[in-house]
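Position in the sequence shown (from 1) plus 1048 gives the number in the numbering used here.
Note that CB positions come from ideal geometry on N, CA and C, so glycine has one too.
Below: one structure, written as C-alpha cells.
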Amino acid sequence: MVTAGELYVLTATVMALVALAAAIPVLRDIARDGRERLREGPASPVDDGDDETEGVRCPHCGTVNEVGYAYCEDCSQAL
Ligand SMILES: [Zn+2]
C-alpha cells in the first residue's frame, strides 16, 4: 500500500522532472543567444567606423590620422 507521503514524494518528483524537461530547450536557446551575443559584441565594428569618420585615412599606408593633419603621422606622406 502506498502511503500519502510516498505519493506526495512521487508526484513532486514527476512534476520536477517534467518541469526540467520543459525547461531544457528554453535554457539551451538562452545559452545559444548569449554565446552569439558574446561573439558579436567585443568585435566592435562600430569603433572602426568611428575611427574612419573621425579621421583621415592615409592613401599611402592606410593609417587613420586625426582630422586637421596635412601629413600622415605614420609615413609622412601628404594626406
Ligand atoms: Zn601614411
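T1059 versus R1083 - alpha carbon distance: As a position in the sequence shown, residue 1059 is number 11, starting the count at 1. As a position in the sequence shown, residue 1083 is number 35, starting the count at 1. Approximately 36 Å between the Cα atoms of the pair.
For P1073 and G1089, the rounded distance between their alpha carbons: Residue 1089 sits at position 41 when you count from the first residue of the sequence shown. Residue 1073 sits at position 25 when you count from the first residue of the sequence shown. One C-alpha to the other measures close to 24 Å.
Which residues DSSP lists as bridging R1105, in chain order: Within the sequence shown, residue 1105 is the residue found at index 57, counting from 1. DSSP lists V1112 as the bridge partner or partners of R1105.
Near ligand 1: D1122 beta-carbon under 7 Å from a heavy atom: Numbered from its first residue, the sequence shown carries residue 1122 at position 74. Flag set: Cβ of D1122 near ligand 1.
Boundaries (first-last residue) of the alpha helix (DSSP H) holding G1053: In the sequence shown, residue 1053 corresponds to position 5, counting from 1. In the DSSP assignment, G1053 falls within the unbroken alpha helix (DSSP H) covering A1052 to E1088.
Straight-line Cα distance separating E1102 from L1086: For the purposes of this step, residue 1086 is taken as residue 38 along the sequence shown, with counting starting at 1. For the purposes of this step, residue 1102 is taken as residue 54 along the sequence shown, with counting starting at 1. Approximately 27 Å between the Cα atoms of the pair.
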